[in-house]
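The block underneath contains the structure these notes are about, expressed in structure tokens.
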Amino acid sequence: MVFRIFAAALAAGLLSAILITALQSVTIIPLIHEAETFEVAAPTHDHTATTEHDHSESEWMPAEGMERMLYTLLANFGAAVGFSLLLIAGLTFDLPSLSARRGVLWGLAGFGVFTISPALGLPPGIPGLAAPDEQAAQLWWLATVVLSAAGLGCLVFGKTIAFKAPGLVLLALPHLWGAPPVISESLVPAYMAARFSAMSIVLGGVFWVLIGTFSSLIFARLGEASGSNQDT
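Take the position in the sequence shown, starting the count at 1, then add 29; the result is the number in the numbering used here.
Below, the structure written as structure tokens:
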């Protein structure tokens, strides 16, 4: 079972990463390149800002073109494998009804937890966009994901109102608390930030549906192959 889970996660992650990277290359990556030109063109107001800017420019970054695309693919692959492992862990409790449709439903659940819920407070940000403190944003994002997963679990698997009602509270809690406030100045036009945010959310949904579909199909296929080998 362990081999089946990891093999399915690796295969599903690879397929999902290749497809989503191809989509990103013609949607949000060109926007990121355009936004980076605004960052470079932004004037500095004092020596400290100039020093920090020069230091950041000296840090290593992948070269434009194939190298950058490869690193994007690797990052997507790592994320897809991790998310696929989470989904397959859930699918193991749903084996009697394992299908592509169930995989899509689990993928949509992951999309809601990891993308939609955090985006209600912290929309996906393009480089140069006004942003909150990084550590505070990361902590809020993590808390939102955990609470959203717990809340959705209560709503879906709870049999009585005593379990479902706390689910609604958990879903609302991070948004009632509020996301960290913005502390930096935006360097990119509002239309570009809005377009990037919308595209990122849509691609996030596609990513999760791909992961859910491939995870369920490959996991089921490996199970069938394992059963056939045992029969023979």
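All C-beta atoms in this analysis are idealised placements derived from N, C-alpha and C, irrespective of residue type, glycine included.
Beta-carbon contacts of residue i that lie in its chain and below 6 Å, excluding the five residues immediately before and after
i	result
residue 87	Reliability of the predicted coordinates at residue 87 is poor, the pLDDT of 46 falling under 50, and no value is obtained from them.
residue 101	50
Distance CB(residue i)-CB(residue j) smaller than 7 Å
i	j	result
residue 161	residue 226	no
residue 157	residue 216	yes
residue 203	residue 176	yes
residue 244	residue 116	yes
residue 159	residue 213	yes
residue 113	residue 41	yes
residue 247	residue 37	yes
residue 57	residue 221	no
Three-way DSSP call (helix, strand, coil) for residue i in this model
i	result
residue 153	coil
residue 80	Note that residue 80 scores 40 on pLDDT, short of 50, meaning its location in the model is unreliable; the coordinates nonetheless yield the value given after this. Three-state DSSP puts residue 80 in a helix.
residue 59	helix
residue 75	Residue placement at residue 75 is flagged as unreliable, the pLDDT there being 45, under the threshold of 50; a coordinate-derived value is accordingly withheld.
Extent of the continuous alpha helix (DSSP H) to which residue i belongs
i	result
residue 202	190-206
residue 140	129-140
residue 98	95-120
residue 216	Counting along the chain, residue 216 falls outside any alpha helix (DSSP H), and DSSP gives it neither H nor E.
residue 186	163-186
7 Å Cβ shell around residue i - same chain, five flanking residues per side excluded
i	result
residue 77	In this predicted model, residue 77 has a pLDDT of only 43, less than 50, meaning its place in the structure is not dependable enough to derive any value.
residue 85	A caution first: residue 85 carries a pLDDT of 43, below 50, which makes its placement in the model unreliable, though a value can still be read off. So no residue of the chain qualifies.
residue 46	102, 105, 106, 109
Cutoff 8 Å; reference residue i; Cβ partners in own chain excluding five residues on either side
i	result
residue 150	169, 173, 203, 204, 207, 208
residue 66	none
* Asked: Given 8 Å as the limit, is there contact between the segment 165-184 and the segment 229-238, that is, 3 or more CB pairs closer than that?
  -> no
* the segment 125-136 contacting the segment 188-197, beta-carbon criterion three pairs below 8 Å -> no
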